[in-house]
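Here's the structure, in structure tokens; my notes come after.
Number of protein chains: 2
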Amino acid sequence: MTLVRIWCGDQLVATLSPLDRGLAYGDGVFETIRVVSGRPVLMEYHWARLSASCVQLGLPDLPFWRLAFATFLTELKPDSKDGIVRLQVTRGVSQRGYLPDPNALPTLILSWHAPSEYPSEWSTAGIEITQMDMPLAIQPRLAGIKHLNRLEQVLLRQDLSTAPGCQEGLVCDTEGYVVEGVFSNVFAVINGQLTTPSLGRCGVRGVLREALLDALMLQNIPVNIRDIDAKEMATATEIFFCNSVYGIWPVARWGNKTWQVGPLTRQCQLIVSPWFVNNA
Amino acid sequence: MTLVRIWCGDQLVATLSPLDRGLAYGDGVFETIRVVSGRPVLMEYHWARLSASCVQLGLPDLPFWRLAFATFLTELKPDSKDGIVRLQVTRGVSQRGYLPDPNALPTLILSWHAPSEYPSEWSTAGIEITQMDMPLAIQPRLAGIKHLNRLEQVLLRQDLSTAPGCQEGLVCDTEGYVVEGVFSNVFAVINGQLTTPSLGRCGVRGVLREALLDALMLQNIPVNIRDIDAKEMATATEIFFCNSVYGIWPVARWGNKTWQVGPLTRQCQLIVSPWFVNNA
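Protein chains in written order, with the working numbering: chain D, 5 to 284; chain V, 5 to 284.
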């Protein structure tokens with residue numbers, strides 16, 4: 005049985021209310037945190053995104069959540085300290101209707117999950133990708149944050165599962181600009197320069213993307229954060245996908261184009277490697 | 005305490021799993037059903053939309069749900085037979101990750117809520133509306149259905165609460181076409197013809213909208229279902245909002261424009277009146 009803990013405000017509760025707005029409207033946000041030997045990875049970036057997400061949705065941001073998370077980690081069994089914590093915050097329980105109750109106590113849910121297992125060749129030799137047909141809707145008010153309205157990703161993930169041999173898919177917005185992968189962010193080397201979509205209209209600001217951008221800045225490696233259309237993406241000399249669970253997957257094949265893993269991709273893998281020391 | 009029942013597949017269960025995909029991703033759909041004297045109103049339209057929504061998301065559609073709903077209604081106390089049933093279906097509990105488990109049993113949640121109370125003048129004399137700044141994102145794959153990804157409506161409802169004196173708001177999509185209200189559908193009389201947005205790109209096909217369109221067709225009253233931009237909307241000689249909970253609210257004021265309740269609006273109110281006999 006999965007370890008799950010639920011708090012209403014700062015009170016531990018036994019069960020989740022079926023009237024929780026997280027369920028009713030997807031009114032909340034979440035973080036997917038990799039834990040290695042009992043220690044959460046890139047946690048400061050997860051807290052930063054969670055706080056920013058709460059501001060964007062007008063949710064409270066309780067300092068108590070840090071304490072609850074630390075306590076949760078101590079509850080893990082000694083033989084299962086590698087895995088994933090899903091940390092979820094909702095606007096809590098209130099009356100029916102879209103209007104939030106400003107007095108509602110937010111819900112915090114922490115759950116423990118087995119680590120994700122991927123073939124190591126996907127990191128070393130690269131993956132095959134496809135371009136997804138379904139575009140992401142443009143909604144600046146929800147852009148960047150990891151909210152609970154993820155039906156687009158559910159549909160995209162189903163679509164991707166019907167693309168034979170492909171591990172990820174390139175997703176554009178309804179205006180034709182590249183946004184991200186189905187469950188990752190994307191970087192590309194275009195005209196010799198490392199480039200990544202700006203995510204101001206839609207998409208998720210992934211934790212590994214943010215940490216990598218900071219590390220690149222510290223090393224004076226310039227990154228162009230801008231709109232990229234799909235045609236321009238196809239001219240890239242290197243492409244890679246990344247997220248905080250699996251790290252960096254170089255793209256080896258997209259349609260009838262193939263790539264060797266390039267120098268900037270290798271450099272980025274080296275940069276993120278301290279965060280993936282015990283990676284399966 | 006609210007009456008709530010939860011089924012996993014066709015098994016009644018005591019609590020909702022915090023790992024339910026309805027909570028994790030908003031992976032599900034719902035119906036808001038008005039109940040008068042213990043009888044659900046427009047139920048055939050609710051079932052039809054629920055079935056269509058399940059098809060659109062690739063969710064199973066269990067005949068069992070009809071039985072569970074009927075049983076739920078018999079559980080209501082004799083003195084509280086006027087109210088709202090929220091009927092919610094999710095893709096159930098499965099492993100972490102966007103990809104649905106085809107073997108997961110869907111969750112059905114039924115909950116009982118107090119009837120909504122609105123001043124009767126809003127139906128007779130009309131309401132004041134505003135045009136909302138925030139547009140709806142365009143996503144044809146999710147258009148029309150009442151899914152659980154409702155963060156746009158949560159934000160819009162908060163925005164509307166800051167518009168003094170306004171009971172509803174006109175919402176456009178990111179291309180500038182009128183879609184609906186914050187929690188209603190919208191009709192207008194433009195160039196003498198009853199007109200309503202087509203909802204192929206976003207928005208919810210409301211149950212009262214569908215029932216009204218069918219009734220108008222039976223009475224040979226033509227309705228133009230098409231794209232309407234906000235400027236054209238302002239030239240309308242009648243505008244009304246509708247949903248299955250409150251019926252029809254004529255628009256009496258929008259900015260510095262005012263309207264008397266017009267003849268086509270009155271005719272539509274007459275058409276829907278059998279469904280609102282006991283309306284508060």
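Quick reminder that beta carbons are idealized off the backbone N, C-alpha and C, glycines included.
Could you compute how far the alpha carbon of residue i sits from the alpha carbon of residue j?
{"i": "D:G62", "j": "D:A240", "result": "39 Å"}
{"i": "V:W51", "j": "V:R43", "result": "15 Å"}
{"i": "D:A284", "j": "V:T36", "result": "Model confidence at D:A284 stands at a pLDDT of 40, short of 50, so the residue's coordinates are unreliable and nothing is read from them."}
{"i": "D:E156", "j": "V:Q264", "result": "42 Å"}
{"i": "D:G30", "j": "V:L16", "result": "24 Å"}
{"i": "D:S115", "j": "V:S21", "result": "11 Å"}
{"i": "D:R230", "j": "D:A238", "result": "16 Å"}
{"i": "V:V260", "j": "D:A167", "result": "One detail in the question is off: residue 260 of chain V reads as Asn in this sequence, not Val. If you take the alpha carbons of V:N260 and D:A167, they lie about 54 Å apart."}
{"i": "V:R270", "j": "V:S277", "result": "10 Å"}
{"i": "D:M138", "j": "D:L160", "result": "7 Å"}
{"i": "V:H117", "j": "V:T78", "result": "15 Å"}
{"i": "V:I131", "j": "V:R257", "result": "7 Å"}
{"i": "V:E242", "j": "D:C246", "result": "53 Å"}
{"i": "D:Y49", "j": "V:L46", "result": "49 Å"}
{"i": "V:G148", "j": "V:N224", "result": "25 Å"}
{"i": "V:Q162", "j": "D:S98", "result": "14 Å"}
{"i": "D:F34", "j": "D:T75", "result": "18 Å"}
{"i": "D:D86", "j": "D:D177", "result": "35 Å"}
{"i": "D:P254", "j": "V:L216", "result": "54 Å"}
{"i": "V:W11", "j": "D:P119", "result": "30 Å"}
{"i": "D:V227", "j": "V:N153", "result": "33 Å"}
{"i": "V:F244", "j": "V:R53", "result": "22 Å"}
Find the nearest neighbour of residue i within the set the options, judged by alpha-carbon distance.
{"i": "D:W69", "options": "D:R100, D:K85, D:L112", "result": "D:L112"}
{"i": "D:D233", "options": "D:C246, D:V276, D:N247, D:V175", "result": "D:V175"}
{"i": "D:L23", "options": "D:Y102, D:L217, D:Q264, D:Q60", "result": "D:Y102"}
{"i": "V:S55", "options": "V:G259, V:F244, V:V211, V:I229", "result": "V:V211"}
{"i": "D:E214", "options": "D:I194, D:V190, D:G196, D:M237", "result": "D:V190"}
{"i": "D:V59", "options": "D:Y49, D:L80, D:G32, D:I133", "result": "D:G32"}
{"i": "V:L268", "options": "V:V158, V:T199, V:L80, V:M136", "result": "V:T199"}
{"i": "V:A192", "options": "V:I252, V:E125, V:W126, V:D86", "result": "V:I252"}
{"i": "D:D14", "options": "D:L274, D:G96, D:F244", "result": "D:G96"}
{"i": "V:Y250", "options": "V:G173, V:P123, V:A108", "result": "V:P123"}
{"i": "D:S1", "options": "D:N153, D:A108, D:L7", "result": "No answer is possible for residue 1 of chain D: the residues shown for chain D start at 5 and end at 284."}
{"i": "D:L66", "options": "D:T75, D:R25, D:L109", "result": "D:L109"}
{"i": "D:K150", "options": "D:F187, D:G173, D:E121, D:T178", "result": "D:F187"}
So the alpha helix (DSSP H) residue i belongs to, where does it begin and stop?
{"i": "D:Q271", "result": "267 to 276"}
{"i": "V:F191", "result": "From DSSP, V:F191 is part of no alpha helix (DSSP H) but of the beta strand (DSSP E) over 189 to 194."}
{"i": "V:R161", "result": "155 to 165"}
{"i": "V:E48", "result": "47 to 61"}
{"i": "V:A234", "result": "234 to 237"}
{"i": "V:V97", "result": "Premise fails: V:V97 is in no alpha helix (DSSP H) and is neither H nor E."}
{"i": "V:G26", "result": "25 to 29"}
{"i": "D:S115", "result": "Careful: D:S115 lies outside any alpha helix (DSSP H), inside the beta strand (DSSP E) at 111 to 117."}
{"i": "D:W126", "result": "125 to 128"}
Starting from residue i, trace the beta strand (DSSP E) both ways and give me its first and last residue.
{"i": "V:E35", "result": "32 to 40"}
{"i": "V:F73", "result": "Per DSSP, V:F73 belongs to no beta strand (DSSP E); it is in the alpha helix (DSSP H), 68 to 78."}
{"i": "V:W184", "result": "Note on residue identity: the sequence assigns Glu, not Trp, to residue 184 of chain V. Start and end: 182 to 184."}
{"i": "V:R213", "result": "Counting along the chain, V:R213 falls outside any beta strand (DSSP E), though it belongs to the alpha helix (DSSP H) covering 211 to 222."}
{"i": "V:A240", "result": "Per DSSP, V:A240 belongs to no beta strand (DSSP E) and is neither H nor E."}
{"i": "D:G173", "result": "172 to 176"}
{"i": "D:C12", "result": "8 to 12"}
{"i": "D:E121", "result": "Segment: none, D:E121 is in no beta strand (DSSP E) and carries neither H nor E."}
{"i": "V:T200", "result": "197 to 200"}
{"i": "V:L135", "result": "Checking the displayed sequence, the identity of residue 135 of chain V turns out to be Gln instead of Leu. Per DSSP, V:Q135 belongs to the beta strand (DSSP E) from 131 to 135."}
{"i": "V:I149", "result": "Element bounds for V:I149: n/a, residue is neither H nor E."}
{"i": "V:R257", "result": "251 to 258"}
Find the residues of chain C that neighbour residue i, judging by a C-beta separation of less than 9 Å, and give them in chain order.
{"i": "D:L27", "result": "The structure shown has no chain C; the protein chains it does contain are D and V."}
Taking 7 Å as the cut-off, does the CB of residue i come closer than this to any heavy atom belonging to the ligand MN?
{"i": "V:L66", "result": "Annotation note on the ligand MN: not contained in the displayed structure, which lists no ligands."}
Three or more C-beta pairs closer than 8 Å, one from the region 133 to 151 of chain D and one from the region 201 to 216 of chain D: is that the case here? Contact between the region 133 to 151 of chain D and the region 201 to 216 of chain D is present: 3 or more CB-CB pairs across the two stretches fall below 8 Å.
Which residues, taken in chain order from the region 99 to 124 of chain D, show a beta carbon closer than 7 Å to some beta carbon of chain V? Hits within the stretch, in order: R100, Y102, L103, P104, I113, S115, H117.
Near-chain D residues of the region 165 to 199 of chain V - C-beta to any C-beta below 8 Å: Only S165, T178, V186, F187 from the region 165 to 199 of chain V bring a Cβ to less than 8 Å from some Cβ of chain D.
Please identify, using Cβ separations under 9 Å, the residues of the region 59 to 74 of chain D that lie next to chain V, in order along the chain. If you check each beta-carbon in the region 59 to 74 of chain D against every beta-carbon of chain V, the ones closer than 9 Å belong to L61, G62.
For the pair the region 89 to 107 of chain D and the region 178 to 192 of chain D, tell me if three or more CB-CB distances fall below 8 Å. Contact between the region 89 to 107 of chain D and the region 178 to 192 of chain D is absent, with fewer than three C-beta pairs closer than 8 Å.
Within 9 Å of chain D by C-beta, residues of the region 207 to 235 of chain V in sequence order: Cβ contacts with chain D: none found.
To be precise: take each residue of the region 132 to 143 of chain V, compare its Cβ to all Cβ atoms of chain D, and keep it if any distance is under 7 Å. Which residues remain? Going along the region 132 to 143 of chain V in chain order, one finds M138, A141, I142, Q143 with a Cβ nearer than 7 Å to chain D.
Along the region 256 to 277 of chain V, what residues have a CB closer than 9 Å to any CB found in chain D? Per Cβ criterion, the list is empty.
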